[in-house]
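Reading through the structure tokens given below for one structure.
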Amino acid sequence: MPSTTSTSQLGRLLLLPLAVSIAHAAPVSITVNARNQTGPFTPIARFFGADEPNYAYYPEGQALLSELGGQLGPAQTYFRAHNLLTTGNGIPALKWGSTNAYTEDADGNPIYNWTIIDRIFESYLERNVKPYAQIGFMPEALSSHPHPYFFNFTPSSPYDVIYTGWSYPPTNYSKWGELVYEWVKHCVEKYGASEVESWYWEVWNEPNIQYWNGTVEQFYELHDYAIDAVRRALPTARVGGFEIAGGTGGDYLANFIEHVLRGRNYATGEIGSPLDFLSFHAKGSPTYVNNTNGGYIQMGIAAQLQNIDDAFSVIASYPEIRHKPIIISECDPDGCAACITPQYDYRNGLLYPSYTAASFARALDLSVKHGVNLQGALTWAFEYDDYPYFDGFRVLTTNGIDKPVINFHRMLGKMSGQRVDATSSGQVPLDTAVASGIRDAPDVGVLASLDDGRLSVFVWHYHDDDLPKPDANITVSIEGLPWTGSGKLAHYRVDNEHSNSYTMWLKQGSPQSPTAEEYAALKAAGQLATLGDPETIHVGDGGWGEVSFTLPIHSLSLLVFEKNL
Ligand SMILES: *[C@@H]1O[C@H](CO)[C@@H](O)[C@H](O)[C@H]1NC(C)=O
Ligand SMILES: *[C@@H]1O[C@H](CO)[C@@H](O)[C@H](O)[C@H]1NC(C)=O
Ligand SMILES: *[C@@H]1O[C@H](CO)[C@@H](O)[C@H](O)[C@H]1NC(C)=O
Ligand SMILES: *[C@@H]1O[C@H](CO)[C@@H](O)[C@H](O)[C@H]1NC(C)=O
Ligand SMILES: *[C@@H]1O[C@H](CO)[C@@H](O)[C@H](O)[C@H]1NC(C)=O
Ligand SMILES: *[C@@H]1O[C@H](CO)[C@@H](O)[C@H](O)[C@H]1NC(C)=O
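Residue numbers (mature numbering (1 follows the signal peptide of the UniProt record, and there is no 0)): -25 to -1, 1 to 540.
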């Protein structure tokens, strides 16, 4: 046939892009070498937080705190909340909260009232959650620009309606310092010094954006007075900061470190201020790709990883502090938990947990790269009592139903002990993920830990695009299991059929008033499930071989190998 040559040329041309996509989807081989322990497995995912402190004592808030404090494994859970010093009646609203801790009498004398703050902290402590205590915001009676003070935020409000009287400098820094001193002293009296020593104390939130309506020097003054007051009330208190938006916030982080190390302390007149830990925020940047086929969400993991890389790099450049604990005290896929837009739909399903897996694991890898001491990555998401089911807020539960993202935390909570060497042929290199995200080949990554003979291998399958992709075919080879004999292998799974209340709710027809039976099914679907029953395995002298499985896009697997006792 005369056309043979041209057909085969055409075939070759067409095969080229096809070959590339086949190469991307090649079977993934994961190798775990349990003999090679690379340092403690740090339980970074045990930090949570919210703008709204008062839900902590509402029914669903308390139920969720019980899960966070009691169901995520042995490590300690911490909670960070805004508005602990904000003036008001303690009724929550979106992006709002209040405690009325500070008012003044007619002569301007302080009146302290710890009733609501105590209620919040007791709600934590009774459920094995400790405060990551944020000192803020400005009480109305101390604000240099108190009116307007209250605001009414809705999920579609412009964000800046929130910047009212609470965001301003105090009229009197001594009074501000005394407020902080009295608060910490009260906590020490109520809970005991050794309890309060185990908390974190930091000042304010994101002072480099409109959360602080004052100058940088005024913020240093606010910080120095507050930290001095904490340490006067409890000399062993753990203090740090600076809760900066956007990683380094330009020069903000370096300048603040300079102030704290070498600047004149506004409160004491001496050089420097105590600093036990460092904190900054890192957020991704999702967009909605709109095309003629309908459109889809594209996550922006690179923006978040760049925040982390940049901030670690600044911290690592100061020998005096590079070893100090770091908490990425808001570490999220996007900027606003209480906002709802079409691109935030991803928060209900698998994209949120798989994104969190890919980003938190890389935060650990970036801390290894920079030689810094990452201790926490804080998920800024909690819950709102009395809102619709799966409404699109960045929350962990909806009407008491656990969203899939909690099962990421449950999986990580099963990991402890030492981190061990694990590599995946399908893991996108760290530098690529930081520079451009997960936009080309998908990311099949791995993190492994070994504790007292229990080997846990955590695997995620992530891509920035919320689009269908082929399942990954994965083979995990284990070397160096530290025991022989019989044991068991449990395979935990988060996918569309497992550990997923959202797909269950869709199957039910998205009920806003589920029947008791439907509700029970949703509750159950929200729990972490295994893929089949645990398997019995036999480990001979030659060690143990391999396990193969497929992992759908945006799904998670945790393999736990344990010796039978
Ligand atoms: C996974 O394996 C199945 C069965 O061998 C095969 O049909 C499929 O194409 C493979 N998927 C990928 C992404 O390689
Ligand atoms: C302290 O605050 C609580 C809660 O707002 C309130 O019920 C109580 O009356 C206040 N105590 C005093 C002495 O004002
Ligand atoms: C600030 O408050 C302190 C009491 O804490 C008071 O002694 C001082 O006079 C006040 N300063 C001004 C300028 O009002
Ligand atoms: C502070 O608030 C005023 C309005 O009261 C606004 O015009 C100004 O831009 C704000 N400044 C900062 C730094 O946010
Ligand atoms: C996508 O484009 C369509 C048509 O231009 C428009 O009506 C729709 O609002 C867009 N959706 C989003 C989420 O931007
Ligand atoms: C141990 O693991 C680390 C981190 O994965 C790796 O860089 C190193 O090469 C491994 N060492 C050995 C001897 O395998």
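Every residue, glycine too, gets a C-beta built ideally from N, C-alpha and C.
The structure presented is a predicted model; accordingly, all values stated were derived computationally and were not measured.
| query | result |
| --- | --- |
| Through-space distance from Ile137 to Val15, alpha-carbon basis | In the sequence under discussion, the amino acid at residue 15 is Pro, which differs from the Val named in the question. Between Pro15 and Ile137, the C-alpha separation is close to 41 Å. |
| Assumed close pair Ala277, Trp158 - CB separation to whole angstroms, cut-off 8 Å | No, Ala277 and Trp158 are not in contact; Cβ-Cβ is about 40 Å, not under 8 Å. |
| Same chain only: Cβ atoms within 6 Å of Ala108, ignoring 5 sequence neighbours per side | Trp174 and Trp176 |
| Environment of ligand 2 in chain order, Cβ to heavy atom below 7 Å | Asn64, Gly65, Asn75, Asn88, Thr90 and Ile91 |
| beta-carbon Ser119 near ligand 3 non-hydrogen atom, thresh 6 Å | no |
| Which of helix, strand or coil DSSP assigns to Ile272 | strand |
| Simplified DSSP assignment, three categories, for Ile528 | coil |
| Heavy atom of ligand 4 within 6 Å of Gln185 beta-carbon | yes |
| Where His345 falls, given that 16 or more other Cβ within 10 Å makes a residue buried | buried |
| Closer than 6 Å: Lys150 CB and nearest ligand 3 heavy atom | yes |
| Interface flag, Tyr186 vs chain B, CB-CB below 7 Å | This model lacks chain B altogether; it includes just one protein chain. |
| Status (buried if at least 16 other CB within 10 Å, exposed otherwise) for Glu442 | Checking the sequence shown, residue 442 turns out to be Leu, not Glu. Leu442 comes out exposed. |
| CB of His438 within 7 Å of CB of Val419, strictly | no |
| Cβ pair Ser38, Ile95 closer than 7 Å | The identity of residue 38 in the sequence shown is Ala, whereas the question assumes Ser. Result no, Cβ atoms of Ala38 and Ile95 do not sit closer than 7 Å. |
| Runs of alpha helix (DSSP H) wholly within the region 242 to 318 (minimum 4 residues, chain order) | 276 to 291 |
| Element boundaries [alpha helix (DSSP H), containing Tyr359] | Looking at the DSSP string, Tyr359 is not in any alpha helix (DSSP H), and its letter there is neither H nor E. |
| CA-to-CA distance, Ala504 to Leu533, given in whole angstroms | 10 Å |
| Element boundaries [beta strand (DSSP E), containing Lys463] | Gly460 to Val469 |
| Closest Cα partner of Ser399 within the set Ile453, Leu425, Asp360 and Leu349 | Ile453 |
| Residue closest to Ala9, alpha-carbon to alpha-carbon, out of Leu341, Tyr166 and Gln393 | Gln393 |
| Euclidean distance between Cα positions of Val370 and Tyr271 | 21 Å |
| DSSP-derived helix/strand/coil call for Phe231 | helix |
| Distance cut-off 6 Å: Asn147 Cβ against heavy atoms of ligand 3 | yes |
| Three-state secondary structure (DSSP) of Asn29 | helix |
| Cβ-based burial, Gly324 [other Cβ within 10 Å; buried from 16] | buried |
| Every unbroken alpha helix (DSSP H) within the region 133 to 208, with a cutoff of 4 residues, ordered by chain | 148 to 166, 168 to 172 and 191 to 208 |
| Same chain, Cβ closer than 7 Å to Arg337, neighbours up to 5 away in sequence not counted | Leu280, Leu405 and Ala408 |
| Rounded C-alpha distance that separates Tyr53 from Leu100 | 10 Å |
| Helix, strand or coil at Asp368 [DSSP, three-state] | A small fix is needed here, since residue 368 is Phe in this sequence, not Asp. Correct three-state label for Phe368: coil. |
| At least three beta-carbon pairs within less than 8 Å, the region 67 to 84 to the region 412 to 426 | no |
| Leu353 and Glu305 closer than 7 Å at C-beta | yes |
| Pro328 and Phe368 closer than 7 Å at C-beta | no |
| Extent of the continuous beta strand (DSSP E) run through Arg429 | Arg429 to Tyr437 |
| Of the residues Val535, Ala212, Pro182 and Trp480, the one placed nearest Lys463, counting alpha carbons only | Val535 |
| Sequence-distant residues of the same chain with beta carbon closer than 8 Å to Gly44, five excluded per side | Thr52, Tyr99, Arg102, Asn103 and Val104 |
| Straight-line gap, Gly189 to Phe128 (C-alpha atoms, nearest Å) | 23 Å |
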